[in-house]
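Asks:
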Amino acid sequence: MTEEPDASQVKNLFDWPPLESNPEIFTEYMHKIGLSPAFAIGEVFGFDEELLAFLPQPIYGTIVALDRLKKEDDKSKGNADHCNLVDFYMDQSGTLDNACGIIACIHAALNTPVEFIQDSVLDKFAKANKSTTAEERCKSLENNTEFKTLHAGFASQGQSDPITSDQKKVSHHFIAFVVKNGQLIELDGTKKGPHVIGPCDDVLRGSIAEIQSRLAEGSISDRLSMMTLNSS
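Take 1128 as the starting number for the sequence shown in this note's numbering and just add one per residue.
Right, here's the structure in full:
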């Protein structure tokens, strides 16, 4: 018989366990919550042009899992006044402890012309929060039990053992990049707001250039992965 966890273990369990950076898991998760089957999450196997040429097109946004070496400096970036530059931005609270993977997907999906299944979990969340603030959107996700239950199921998938309660074992953080009005914008709910990178007309190559810049300056480690939000 499976031994039940004691009260201290239950208290320390993550509200939103981390997801593995696996495009198959992310695609299945996104389809489950309402992303149209016409769209999917793909994997960037390398930054060489020969590898990029094989990626499905068009690419609407990128999702990057990275290891921040200067976490507090990173969190200080962004500007709440830039929320009007994007269609959707939400904060990430301590309650949404390791929801950054799905928040990055939400940021990518709700700021690009992808489609959702009507009355799906994601469609209802988007409609309910069309005019709310970044903080209110955060609270809305915290209290969305249907979303939270689905998330827990996908967080238990993958090749590695799921991390359920030890934050020290969680080293990676997910962020999203989109292009809005000719500007590459980083969307990360732990920042002060949307972080405008600069002029860009190619979200994939713009994201890669920004990641390479952060690698060169030592603000992130080389333990990273990149996924795309693209047509199926």
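For each residue, glycine too, the CB sits at the ideal point set by N, CA and C. All values derive from a computational prediction rather than experimental measurement.
Quick check on this structure: which residue in 1327, 1212, 1172 and 1333 has the alpha carbon closest to the alpha carbon of residue 1353?
Replies: Cα-wise, what sits closest to residue 1353 is 1172.
Asks: Taking a contact to mean a Cβ-Cβ separation below 7 Å, would you say residue 1323 touches residue 1335 in this structure?
Replies: No.
Asks: Given that a residue counts as buried once 16 or more other Cβ atoms are within 10 Å of its Cβ, and exposed if not, what is residue 1185?
Replies: By the neighbour-count rule (16 or more Cβ atoms within 10 Å), residue 1185 is not buried but exposed.
Asks: Taking all protein chains shown into account, decide if residue 1153 is buried (16 or more other Cβ within 10 angstroms of its Cβ) or exposed.
Replies: Classification of residue 1153: buried, given that the 10 Å Cβ count is 16 or more.
Asks: Please determine, among 1187, 1177 and 1175, the residue with the shortest C-alpha to C-alpha distance to residue 1169.
Replies: Ranking 1187, 1177 and 1175 by Cα distance to residue 1169 puts 1187 first.
Asks: My assumption, with CB atoms under 8 Å, is that residue 1259 sits in contact with residue 1267. Please give the rounded CB distance.
Replies: Yes, residue 1259 and residue 1267 are in contact; Cβ-Cβ is about 7 Å, under 8 Å.
Asks: Return the CA-CA distance between residue 1387 and residue 1358, expressed in angstroms with no decimal places.
Replies: In this structure the chain extends from 1128 to 1359, so residue 1387 is not present and cannot be described.
Asks: My guess is that residue 1243 and residue 1161 are in contact by the Cβ rule of under 8 Å, so how many angstroms apart are they, rounded?
Replies: Indeed they touch by this definition, with Cβ atoms about 5 Å apart.
Asks: If residue 1303 and residue 1189 are in contact, beta carbons under 8 Å, what's the gap, nearest whole angstrom?
Replies: The pair is a contact, with the Cβ atoms about 7 Å apart (cut-off 8 Å).
Asks: Just how far apart, CA to CA, sit residue 1144 and residue 1220?
Replies: Approximately 14 Å between the Cα atoms of the pair.
Asks: Put residue 1170 into one of helix, strand or coil per three-state DSSP.
Replies: It is a strand residue.
Asks: Hey, quick one: how far does the alpha helix (DSSP H) through residue 1280 stretch, first residue to last?
Replies: It spans 1272 to 1282 - the alpha helix (DSSP H) in which residue 1280 sits, taken as one unbroken run.
Asks: Identify, in the order they occur along the chain, each residue of the same chain with its Cβ nearer than 7 Å to the Cβ of residue 1196, setting aside the five sequence neighbours on each side.
Replies: Same-chain partners within the cutoff: 1345, 1346, 1347 and 1348.
Asks: So, are the CB atoms of residue 1300 and residue 1232 less than 7 Å apart?
Replies: Taking 7 Å as the Cβ cut-off, residue 1300 and residue 1232 do not qualify as a contacting pair.
Asks: I need the DSSP call for residue 1322, collapsed to helix, strand or coil.
Replies: DSSP places residue 1322 in strand when its eight states are reduced to three.
Asks: What does DSSP give as the partner residue(s) for residue 1299 in the beta ladder?
Replies: For residue 1299, which the question treats as bridged, DSSP gives no partner whatsoever.
Asks: In this structure, does DSSP put residue 1217 in helix, strand or coil?
Replies: Coil, per DSSP.
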